[in-house]
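Data first, discussion second: the structure below is written as C-alpha cells.
Residue numbers (our numbering): 12 to 200.
Structural data, given as C-alpha cells:
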C-alpha cells in the first residue's frame with residue numbers, strides 16, 4: 012500500500028512543469044518567508060503566474076500555505092515537495108556525471124591517438140582549471156597503457172597540447188583547451 016502511494020506521488024511529480032520546479036526549488040533554497048512579489052522577482056515570472064503555480068503546488072500537495080497574518084502567507088514545502096526538489100537535484104547530478112564520462116572518453120581517445128602518432132611528452136596549456144584536472148586524470152589513466160607523460164604549463168621544450176583548432180608546429184601538436192566547446196575537431200594534422 013505504501014509503495015503504491017509513493018509511485019502515485021512520483022507519477023504526479025513527473026508532471027511538474029519547469030516553472031513549477033523552479034518555484035519549488037526557490038522555496039526550498041532559503042529559510043525565508045517568500046512573498047509572491049519576491050518569488051516573481053527572483054524567478055523572473057509574473058506575479059499572476061506565481062499565484063497560479065503556488066495554488067497548483069498547494070492543490071497537488073507539494074506545498075502548504077499558512078496564514079502568518081491577515082496580509083501575509085507562508086509557503087511551506089511538504090515532504091512530497093522536498094522529494095520533488097531532491098529528485099530534480101539527483102537528475103542534475105546524474106547529467107553532470109554522464110557529461111563528465113563522455114568528456115573523459117573523448118579526451119582519453121584523443122590522447123591515445125596522440126600516443127599512436129608517436130607523441131610521448133606533452134605540454135598541456137589549459138585556462139579552465141576543471142578541464143585541466145580532467146586532462147591530468149585522463150593522462151594518468153592512459154599512461155598505464157600508453158606511456159604519455161603530463162607536464163605542467165611551465166615546462167619548456169615540450170610539445171604544446173591544445174584541444175581546438177589543432178595544428179602541428181615544429182614543437183608538436185597544438186590543442187587549445189581554453190576554447191574547447193563540445194568535442195575535439197579535426198585531430199592533429
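Quick reminder that beta carbons are idealized off the backbone N, C-alpha and C, glycines included.
Which one or two residues does DSSP pair with residue 88 in a beta bridge? 74
With residue 149 and residue 111 assumed to form a contact (beta carbons below 8 Å), what rounded beta-carbon distance in angstroms separates them? 11 Å between Cβ atoms; not a contact.
Are the CB atoms of residue 68 and residue 34 within a distance shorter than 8 Å? yes
Count the other CB atoms within 10 Å of the CB of residue 182; is the residue buried (16 or more) or exposed (fewer)? Because residue 182 carries a pLDDT of 40, less than 50, the predicted location of this residue cannot be relied on, and no value is offered for it.
Do you know whose CA, among 118, 100, 75, lies nearest residue 144's CA? 118
Kindly indicate the opening and closing residues of the alpha helix (DSSP H) around residue 48. 47 to 54
Between which two residues does the alpha helix (DSSP H) carrying residue 38 extend? 29 to 40
Roughly how many whole angstroms lie between the Cα atoms of residue 61 and residue 27? 14 Å
Excluding the five sequence neighbours on either side, which residues of its own chain have a C-beta within less than 8 Å of the C-beta of residue 85, listed in chain order? 44, 76, 77, 78, 79
Contacting residues, own chain, Cβ-Cβ under 8 Å from residue 48 (five flanking each side not counted): 58
Quick one: grab the DSSP three-state call for residue 79. strand
Sequence-distant residues of its chain with Cβ nearer than 7 Å to residue 89 (five each side left out): 72, 73, 74, 75
Near residue 37, which residues of its chain fall below 8 Å by C-beta distance, leaving aside the five closest residues on each side in sequence? 45, 50, 53, 54
Buried or exposed by the 16-neighbour rule on C-beta atoms within 10 Å, applied to residue 108: exposed
Under a three-way DSSP split, which group does residue 130 fall into? coil
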